[in-house]
Amino acid sequence: MNDASASTGTGTRPILDIRDLCISYFTRAGEIPAVVDFSLKLAPGESVGLVGESGCGKSTVAMAIMRYLGTNGGIVGGSIEFDGRDLTTMAEEDLRRIRGSEIAMIYQEPMAALNPSMRIGRQLMEVPLFHENVSEAEAEKRAIAMLEDVNLPDAERVMEAYPHQISGGQQQRVVIAMALLSNPKLLLLDEPTTALDVTVEAGIVELIADISKKFGTSMLYISHNLGLILETCDRVCVMYSGEVVEEGTVNEVFDRMRHPYTHGLFNAIPLPTADKNSRPLVAIRGQLPLPHQRPPGCFFGPRCDFFVEGRCDAQPIPMTGMTSPTHRVRCIRWEEIDWDNYAPDRKEREPHPPGEIVLQVEAMRKYYPVHDDSLLAIFRGDTTRQVKANESLSFSARKQETVAIVGESGCGKSTFAKVLTGLETATDGKIIFGNTDIGQIAVGDRTEGQLSSLQMVFQNPNDTLNPSQTVGSQIARVIRKFGVESDPDKIHDRVMRLLDLVKLPRDFALRRPRQLSGGQKQRIGIARAFAGNPSMVIADEPVSALDVSVQAAVTDLLMDIQEEFGTTLLFISHDLSVVRYLADRIVVMYLGQIMERGSTDEVFSPPYHPYTEALLSAVPIADTRVEKKRIVLEGQLPSVLNPPKGCPFHTRCPRKIGAICENERPPVHDVSDQHKIACHIPLDELKAVEPVFRLASDAPSAA
Amino acid sequence: MVDETLDPVANRRVPFIVTALKSFLLLRESWVGMIGAAIVIFWVLVAILAPLLAPFDPLATLAPLQKPGAVGPDGAIFWLGTDQIGRDILSRIIYGCRTVLIYAPLATLCAYTVGILMGLTAGYKGGVWDEVLSRTSDIILSFPVLVLYVIIIATIGASGTNIIIAITFASAPGIMRIVRGLTLDLRNRDYVAAAQTRGEPTWRILLVEILPNARGPLIVDACLRLGYVTITIGVLGFLGLGLPPPDPDWGSMIADTRQFALVFPHMSLFPSIAISSLVLGLNLLADGLREISLRD
Numbered sequence: 097m098n099d100a101s102a103s104t105g106t107g108t109r110p111i112l113d114i115r116d117l118c119i120s121y122f123t124r125a126g127e128i129p130a131v132v133d134f135s136l137k138l139a140p141g142e143s144v145g146l147v148g149e150s151g152c153g154k155s156t157v158a159m160a161i162m163r164y165l166g167t168n169g170g171i172v173g174g175s176i177e178f179d180g181r182d183l184t185t186m187a188e189e190d191l192r193r194i195r196g197s198e199i200a201m202i203y204q205e206p207m208a209a210l211n212p213s214m215r216i217g218r219q220l221m222e223v224p225l226f227h228e229n230v231s232e233a234e235a236e237k238r239a240i241a242m243l244e245d246v247n248l249p250d251a252e253r254v255m256e257a258y259p260h261q262i263s264g265g266q267q268q269r270v271v272i273a274m275a276l277l278s279n280p281k282l283l284l285l286d287e288p289t290t291a292l293d294v295t296v297e298a299g300i301v302e303l304i305a306d307i308s309k310k311f312g313t314s315m316l317y318i319s320h321n322l323g324l325i326l327e328t329c330d331r332v333c334v335m336y337s338g339e340v341v342e343e344g345t346v347n348e349v350f351d352r353m354r355h356p357y358t359h360g361l362f363n364a365i366p367l368p369t370a371d372k373n374s375r376p377l378v379a380i381r382g383q384l385p386l387p388h389q390r391p392p393g394c395f396f397g398p399r400c401d402f403f404v405e406g407r408c409d410a411q412p413i414p415m416t417g418m419t420s421p422t423h424r425v426r427c428i429r430w431e432e433i434d435w436d437n438y439a440p441d442r443k444e445r446e447p448h449p450p451g452e453i454v455l456q457v458e459a460m461r462k463y464y465p466v467h468d469d470s471l472l473a474i475f476r477g478d479t480t481r482q483v484k485a486n487e488s489l490s491f492s493a494r495k496q497e498t499v500a501i502v503g504e505s506g507c508g509k510s511t512f513a514k515v516l517t518g519l520e521t522a523t524d525g526k527i528i529f530g531n532t533d534i535g536q537i538a539v540g541d542r543t544e545g546q547l548s549s550l551q552m553v554f555q556n557p558n559d560t561l562n563p564s565q566t567v568g569s570q571i572a573r574v575i576r577k578f579g580v581e582s583d584p585d586k587i588h589d590r591v592m593r594l595l596d597l598v599k600l601p602r603d604f605a606l607r608r609p610r611q612l613s614g615g616q617k618q619r620i621g622i623a624r625a626f627a628g629n630p631s632m633v634i635a636d637e638p639v640s641a642l643d644v645s646v647q648a649a650v651t652d653l654l655m656d657i658q659e660e661f662g663t664t665l666l667f668i669s670h671d672l673s674v675v676r677y678l679a680d681r682i683v684v685m686y687l688g689q690i691m692e693r694g695s696t697d698e699v700f701s702p703p704y705h706p707y708t709e710a711l712l713s714a715v716p717i718a719d720t721r722v723e724k725k726r727i728v729l730e731g732q733l734p735s736v737l738n739p740p741k742g743c744p745f746h747t748r749c750p751r752k753i754g755a756i757c758e759n760e761r762p763p764v765h766d767v768s769d770q771h772k773i774a775c776h777i778p779l780d781e782l783k784a785v786e787p788v789f790r791l792a793s794d795a796p797s798a799a
Numbered sequence: 005m006v007d008e009t010l011d012p013v014a015n016r017r018v019p020f021i022v023t024a025l026k027s028f029l030l031l032r033e034s035w036v037g038m039i040g041a042a043i044v045i046f047w048v049l050v051a052i053l054a055p056l057l058a059p060f061d062p063l064a065t066l067a068p069l070q071k072p073g074a075v076g077p078d079g080a081i082f083w084l085g086t087d088q089i090g091r092d093i094l095s096r097i098i099y100g101c102r103t104v105l106i107y108a109p110l111a112t113l114c115a116y117t118v119g120i121l122m123g124l125t126a127g128y129k130g131g132v133w134d135e136v137l138s139r140t141s142d143i144i145l146s147f148p149v150l151v152l153y154v155i156i157i158a159t160i161g162a163s164g165t166n167i168i169i170a171i172t173f174a175s176a177p178g179i180m181r182i183v184r185g186l187t188l189d190l191r192n193r194d195y196v197a198a199a200q201t202r203g204e205p206t207w208r209i210l211l212v213e214i215l216p217n218a219r220g221p222l223i224v225d226a227c228l229r230l231g232y233v234t235i236t237i238g239v240l241g242f243l244g245l246g247l248p249p250p251d252p253d254w255g256s257m258i259a260d261t262r263q264f265a266l267v268f269p270h271m272s273l274f275p276s277i278a279i280s281s282l283v284l285g286l287n288l289l290a291d292g293l294r295e296i297s298l299r300d
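Next up, the structure:
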């Protein structure tokens with residue numbers, strides 16, 4: 097794939113040539129420079145990844161290529177040449193002809209790109225009908241062929257369906273098919289898989305990686321996920337605060353990165369091949385500067401460990417070429433920094449021995465009755481059905497331990513959190529927490545002690561805090577409610593100490609949530625959860641909505657506080673990399689049932705449950721040294737309303753052994769006293785499975 | 005200074021008046037809102053300063069059927085003329101302003117209190133509560149508003165309190181619908197879940213976690229509704245269902261003089277202008293507030 101990138105700049109004319117592009121938004125506060133000095137060349141058939149954190153301007157670049165900057169945005173300098181024509185000066189009329197036919201864009205939310213009231217077939221056929229004036233029959237033929245090209249089985253059925261009748265992964269495939277139908281020269285992908293589940297994402301990524309080979313389309317792939325870039329692109333541009341800081345082929349940037357920011361990014365992401373004790377994360381300190389408050393000189397200066405006053409902040413830093421013609425970096429000190437011997441201060445963590453059992457879940461079930469009032473159901477005399485959100489969950493958590501519950505959306509992990517906190521009550525089974533069974537006690541009937549000892553950290557930073565109250569008063573409320581302190585001065589003191597604990601300045605107590613960044617809000621959410629001295633905290637995807645550099649800091653903070661208070665942490669997540677990093681034990685769930693549980697090392701190495709194996713192989717890894725097995729799951733997640741009989745995973749299982757999987761519940765193999773796998777496949781056979789990850793240098797046996 | 009930087013939280017509370025003023029200053033961004041605010045403030049000042057501004061006693065019979073600008077018996081000028089029984093129209097408008105500006109906000113406030121309580125309960129509790137409250141308000145909303153007013157006032161009699169009751173009864177269902185919709189969205193927020201897992205009582209979740217975060221759309225709606233209520237009070241006065249005479253009331257001023265409207269148009273023209281300008285002011289203010297709330 098790298099020969100394509102070698103031709104960049106010389107030889108063939110680039111399909112896209114962006115030179116010194118500057119984009120600004122004009123607001124009440126004045127001009128906000130979103131992108132300053134962005135240059136990029138894209139050769140025909142080449143795919144380039146644009147990576148950076150939110151607010152770095154990567155989506156603005158994509159919008160500028162489409163000239164969709166809105167009324168208050170504008171290109172203030174530079175040029176965007178597409179196939180030899182300058183898009184910045186092109187008339188509206190000509191632009192419209194290019195959009196959708198020569199440049200196509202794929203967004204994060206597939207449902208937003210599809211018209212909900214039109215059949216998919218019609219929407220697809222419109223593309224050739226509109227752009228190429230072909231006949232109806234021809235358009236239909238092309239649409240079906242394209243649906244088959246994007247690996248949608250049963251293309252004829254999909255053609256007849258409305259968008260809401262197919263799953264999210266299928267919708268995104270339809271959007272990709274629609275984009276490719278016009279045979280575009282350039283495809284812009286803006287986080288096309290962020291809204292999808294990992295196993296679904298893996299399939300889409302495989303498809304995207306194939307596009308340029310199959311269709312000769314050039315791609316600009318925008319993502320915050322370095323692992324995805326590695327799997328789909330030839331070259332990569334790393335953006336920071338409106339400019340490119342490093343660019344090169346994927347191998348150059350991933351193996352010989354030279355910009356301190358790129359280094360920081362790589363150090364901040366957890367890898368599923370390493371845990372907290374062997375490779376502690378290092379967060380990038382500070383925050384992304386606001387576009388109108390960028391520092392002089394190097395924009396990364398204030399957050400950089402190698403900042404030299406008088407040199408780095410003297411004048412704007414230009415991109416400099418390096419030994420390889422394709423690798424360029426925006427750092428004046430790139431030759432001086434000794435990256436091979438650079439070791440950032442990593443905090444060493446001691447593994448701690450597990451304490452006594454705090455939480456014991458025994459055969460817990462949660463069923464929701466669903467009322468079906470349709471005539472047919474009334475006719476059949478069957479108007480209530482059960483959604484089996486949790487089916488016979490059993491596991492335990494010990495003091496100071498981190499137990500992760502892993503699974504894709506709809507696996508019942510959030511339902512379990514609701515039952516645990518008492519927002520719902522269990523249908524059957526026991527949840528023993530601190531010597532009492534709280535499974536049947538709703539939140540209103542719990543004692544103050546039960547309430548305060550079980551608190552929660554939520555997923556969405558923008559939703560976790562009440563926007564109309566100051567941050568301080570929200571933390572103070574918890575302290576007062578649980579009677580930790582009653583004297584106003586002492587409450588105030590404790591709020592201050594909690595702010596110190598989550599490493600935020602004390603004057604944040606007076607701020608309102610909208611004045612805080614996402615990571616800061618999440619820290620306040622953590623402070624609030626720990627304010628009542630809980631013995632157990634449930635964290636429901638606490639970092640999944642945050643940027644990578646912030647994720648590392650918040651994850652570390654959570655672990656620090658947990659260690660300090662000896663709290664048990666129940667970490668709910670879909671991200672196996674984060675889970676590997678911080679969990680002691682893992683519970684893998686699928687459709688409300690536990691497929692596998694065990695210590696982190698046990699779950700991450702064979703024997704695997706076939707579902708765990710597929711989950712692991714779906715994780716994008718930003719490390720060129722890691723080789724992994726490719727397992728792409730067929731089909732889609734079955735509905736919880738109508739779960740498959742027998743083993744819930746048999747409809748998608750690549751290792752299905754026969755009718756027994758469809759009819760009988762799988763037996764539980766005891767691999768060790770903690771490691772359990774529910775599968776029909778004999779344990780010896782599972783043990784013989786090769787590990788999913790392998791370091792390129794390792795021998796296959798070492799795992 | 006030093007103390008402040010060390011512990012800025014020591015002076016904990018920012019006075020309410022400061023935040024209120026600050027949000028009012030935001031209105032500068034919208035000239036529509038500024039005009040609206042100016043008109044409303046003008047009428048509020050007129051109501052407060054009525055005894056100083058009014059040249060005559062609004063109830064005194066001076067000289068009947070005088071045209072605007074006519075000179076009165078003791079040399080004073082009837083700027084807007086007099087009505088059929090000789091009362092000064094300007095003074096009556098000035099005093100009538102008090103009636104409107106007391107009863108309209110009071111009635112709106114009552115309607116909001118009832119509507120908010122109903123909406124919060126229906127939206128948060130759901131189920132049977134929602135069914136009962138929503139259906140009840142559907143029934144009320146299915147009546148033509150005017151018919152509803154006539155029925156209520158005719159039954160319980162015309163008085164200030166009864167006007168408030170009638171307006172509350174007729175407007176609360178509409179407010180309830182807005183609040184219910186906002187509550188349905190807000191009750192799924194994580195901070196509400198956080199309050200629930202803390203075991204907060206329902207009333208506290210409703211009043212502290214949900215209601216304050218619904219205030220944006222509610223404030224805009226309240227301004228608009230204040231305008232409608234002003235019209236309503238005028239209409240009730242016109243229909244003879246308003247305040248009992250002889251108190252000056254814009255609506256009854258128009259009603260009483262309508263048979264003279266062709267010969268002496270000023271008698272009904274000026275009270276009409278008064279009503280429409282106040283309603284216009286309130287609507288412009290609402291537009292301005294909406295414009296600002298959409299911008300941030």
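So the protein sequences, as listed, match chains A and B. Just add 96 to wherever you are in the first sequence, counting from 1, and you've got this note's numbering. Just add 4 to wherever you are in the second sequence, counting from 1, and you've got this note's numbering. Ideal Cβ positions, reconstructed from N, Cα and C, are used throughout, including at glycine. These figures come from a predicted structure and were not determined experimentally.
- Against chain B, a Cβ distance below 9 Å from residue 577 of chain A picks out 202, 203, 204.
- Within a 10 Å sphere around the beta-carbon of residue 522 of chain A sit 16 or more other beta-carbons, which makes this residue buried.
- In the three-state reduction of the DSSP assignment, residue 681 of chain A falls in the strand class, which pools E and B.
- The beta carbon of residue 582 of chain A does not come within 7 Å of any beta carbon belonging to chain B, so the residue lies off that interface.
- According to the DSSP assignment, residue 765 of chain A belongs to the beta strand (DSSP E) that extends over 764 to 766.
- Within the stretch 592 to 611 of chain A, 592, 602, 603, 605, 606 place their CB atoms closer than 8 Å to a CB of chain B, listed in sequence order.
- Note that the stretch 328 to 337 of chain A does not touch the stretch 743 to 752 of chain A; fewer than 3 beta-carbon pairs, one per stretch, sit closer than 8 Å.
- The residues 555, 556, 557, 614, in chain order, have a CB closer than 7 Å to that of residue 641 of chain A in the same chain once the five nearest residues on each side in sequence are set aside.
- With contacts defined as CB atoms closer than 7 Å, residue 667 of chain A and residue 635 of chain A qualify as a contacting pair.
- Here residue 329 of chain A carries a coil assignment [DSSP, helix/strand/coil].
- Taken atom to atom, the span from the alpha-carbon of residue 45 of chain B to that of residue 87 of chain B is near 27 Å.
- The beta carbon of residue 166 of chain B sits no closer than 7 Å to any beta carbon of chain A.
- Using a Cβ-Cβ cut-off of 8 Å, residue 629 of chain A is close to nothing in chain B; its nearest Cβ partner there is about 13 Å away.
- When DSSP reads this structure, residue 467 of chain A sits in a beta bridge with A:480.
- The beta-carbon of residue 554 of chain A is placed less than 7 Å from the nearest beta-carbon of chain B.
- Collapsing the DSSP output to three states places residue 529 of chain A in a strand.
- Nearest to residue 248 of chain A by C-alpha distance, out of A:173, A:268, A:128, is A:268.
- In the structure shown, residue 578 of chain A adopts coil according to DSSP, grouped into three states.
- With a threshold of 7 Å between beta carbons, residue 563 of chain A makes contact with chain B.
- In this chain, residue 718 of chain A is not harboured by any beta strand (DSSP E), its DSSP state being neither H nor E.
- Residues of the stretch 206 to 233 of chain B with a Cβ closer than 8 Å to any Cβ of chain A, in chain order: 212, 213, 216, 217, 219.
- Straight through space, the alpha carbons of residue 187 of chain A and residue 708 of chain A are spaced by roughly 53 Å.
- Here the stretch 221 to 238 of chain B makes no contact with the stretch 133 to 141 of chain B; the two share fewer than three CB pairs at distances below 8 Å.
- As the crow flies, the alpha-carbon of residue 639 of chain A is around 8 Å from that of residue 646 of chain A.
- Chain-order list of chain A residues neighbouring residue 189 of chain B: empty, with the shortest C-beta distance near 11 Å, by a criterion of under 7 Å.
- Membership of residue 114 of chain A in any alpha helix (DSSP H) is not indicated; the residue belongs instead to the beta strand (DSSP E) covering 112 to 123.
- Counting every other CB atom within 10 Å of its CB across the protein chains shown gives residue 49 of chain B a total below 16, marking it as exposed.
- Collapsing the DSSP output to three states places residue 456 of chain A in a strand.
- For residue 288 of chain A, no pairing in a beta bridge is given by DSSP.
- Just so you know, the alpha carbons of residue 225 of chain A and residue 216 of chain B end up roughly 52 Å apart.
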